[in-house]
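Let me begin by presenting the structure, written as structure tokens, before commenting on it.
In full-length UniProt numbering, the protein residues as written are 1 to 153.
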């Protein structure tokens, strides 16, 4: 590997595919834009030897292959009520396939006292993963723990 005058190493890789790698290392979540090929992200994860990310990307590729062979995708929706101060944390902690769909204000945005806060309904969805025999799969261990802790699972 080449080094510059400051001692930094030059790694000649595709910056487009490095974004998901960097975000995974920062946040522990795999986020891949729809226009990116998951196989490209897998190549980068293997190049940087990030075993947990390699497993995650391979699992996602396998899930996508299974999903396309199962026909139309069904979704599960949840409506969550929260106050303004809880909103950021709730959206940022969504995982296990849950996606933000819509935010609906149900309370006043004008605060006349310290206790008054705007309230919202947050609509989230996730694909309903069915096995081949039609029985819904058990939630992952992570999802079970998050559910017990009262998080959006």
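All residues carry an ideal CB built from backbone N, CA and C; glycine is no exception.
Using 8 Å for Cβ pairs, my map puts residue i next to residue j. What's the rounded Cβ distance?
i	j	result
residue 74	residue 25	Actually they do not touch by this definition, with Cβ atoms about 33 Å apart.
residue 98	residue 126	5 Å
residue 84	residue 118	4 Å
Which residues does DSSP pair with residue i in a beta bridge?
i	result
residue 100	124
residue 105	120
residue 89	Note: residue 89 sits in no beta bridge, so no partner.
residue 75	127
residue 22	The partner list for residue 22 (beta bridge, DSSP) is empty, contrary to what the question assumes.
residue 9	3
residue 36	Answer by DSSP bridge pairing: none, since residue 36 is not bridged.
residue 80	122
Look at the Cβ atom of residue i, then the Cβ atom of residue j, and state whether they are nearer than 9 Å.
i	j	result
residue 30	residue 61	no
residue 106	residue 81	yes
residue 57	residue 38	yes
residue 122	residue 79	yes
Buried or exposed for residue i, going by 16 or more other Cβ atoms inside 10 Å?
i	result
residue 124	buried
residue 120	buried
residue 22	exposed
residue 9	exposed
residue 20	buried
residue 17	buried
Going along the chain, which residues of its own chain have a beta-carbon closer than 8 Å to the beta-carbon of residue i, five neighbours each way excluded?
i	result
residue 13	44, 47
residue 101	77, 123, 124, 125
residue 4	10
Ordered along the chain, which non-local residues of its own chain (more than five positions away) have a Cβ less than 7 Å from that of residue i?
i	result
residue 6	none
residue 103	120, 122
residue 49	none
residue 34	none
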